[in-house]
Structure formats: C-alpha cells, structure tokens
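Visitor: I have a structure here, written as structure tokens, and I will follow up with some questions on it.
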Amino acid sequence: TDKAAYDRIASYAPYEQVEAKAYPPLLVIAGLTDPRVTYWEPAKWVAKLRATKTGEQPLYLKTNMGAGHGGASGRFDALKETGLSYAFALECMGSYVLDL
24 TDKAAYDRIA SYAPYEQVEA KAYPPLLVIA GLTDPRVTYW EPAKWVAKLR
74 ATKTGEQPLY LKTNMGAGHG GASGRFDALK ETGLSYAFAL ECMGSYVLDL
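Numbers given in this note's numbering equal positions in the sequence shown, counted from 1, plus 23.
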C-alpha cells in the first residue's frame, strides 16, 4: 500500500530522521544541476536541522552552482571542492576558520 511504502522510505530518509538533539559538525554540499538529489532537498534538510538541533556545532550548506550528482567536474573545480572539505575538517579540529 502507499502507507507501507511511505513508512519504509521514511525509516531511512534523512529528512524524516531529524530530531531535537546535538549533531556533529556538518558540511552539506549540494549541486545545482543534480538530477538525483535536487538542490532544494539538502536545503530543506539543513533548514530542518537548524530549526531542530540542540547543539552549537557548525552546520554549513554550500550549493555548487556548476555541479551535478558527482560533485564539481573539471580538475580544478573538483580540487577546490576537496579543499573546502579539508578546510572544514581543519576548522572542526580548531586549526582553521572557514570563510564561506
């Protein structure tokens, strides 16, 4: 039935799993042209996390305007995206301040 299908999907859907608790630091990267996970889905998830989470850990949303499902394409754009992930990890360890 439709109810059974919804319940099954909701059991693992990230948006449905958000609850009032402290979350670890999160860097969420969306691709504007991603046909599988459209850009508003991560934005909606991050908005719900920001409204619900109880901790003070950083929660960033970066929408890559030229990326699809596999992230940025092209050697330098892909390296820039990897650099952002590394900078976020360094910020989480207290070694760097991320400037988005």
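Cβ atoms here follow ideal geometry from the backbone N, Cα and C, with glycine treated the same way.
Spatial neighbours of Trp68 within its chain, please: C-beta separation below 8 Å, excluding the five flanking residues on both sides.
Guide: Answer for Trp68: Pro37, Tyr38, Val41 and Val51, listed in chain order.
Visitor: Under the three-state reduction of DSSP, which class applies to Ala90: helix, strand or coil?
Guide: It is coil, neither helix nor strand.
Visitor: Do Leu113 and Met88 count as a contact pair if the criterion is CB distance below 8 Å?
Guide: No, they are not a contact pair.
Visitor: Mind listing, in chain order, the continuous alpha helix (DSSP H) runs of no fewer than 4 residues lying wholly within the region 51 to 113?
Guide: Whole alpha helix (DSSP H) segments, 4+ residues: 63 to 75.
Visitor: Just reading off the alpha helix (DSSP H) that Lys26 is part of, what are its end residues?
Guide: Residues Asp25 to Ala33.
Visitor: Taking the alpha-carbon positions, what's the Pro45 to Cys115 distance?
Guide: According to the sequence displayed, residue 45 carries Ala and not Pro. Whole-angstrom Cα-Cα distance: 15 Å.
Visitor: Hey, how far is the Cα of Ala66 from the Cα of Leu84?
Guide: When rounded, the distance between both Cα atoms is 7 Å.
Visitor: So, using beta-carbon positions, are Leu49 and Leu102 closer together than 8 Å?
Guide: Going by C-beta atoms, Leu49 is not nearer than 8 Å to Leu102.
Visitor: Report yes if the CB atom of Tyr62 is closer than 8 Å to the CB atom of Thr86, and no otherwise.
Guide: Result yes, Cβ atoms of Tyr62 and Thr86 sit closer than 8 Å.
Visitor: What separation, rounded to the nearest whole angstrom, lies between the Cα atoms of Thr105 and Leu121?
Guide: Using only the alpha carbons, I get a separation of about 14 Å.
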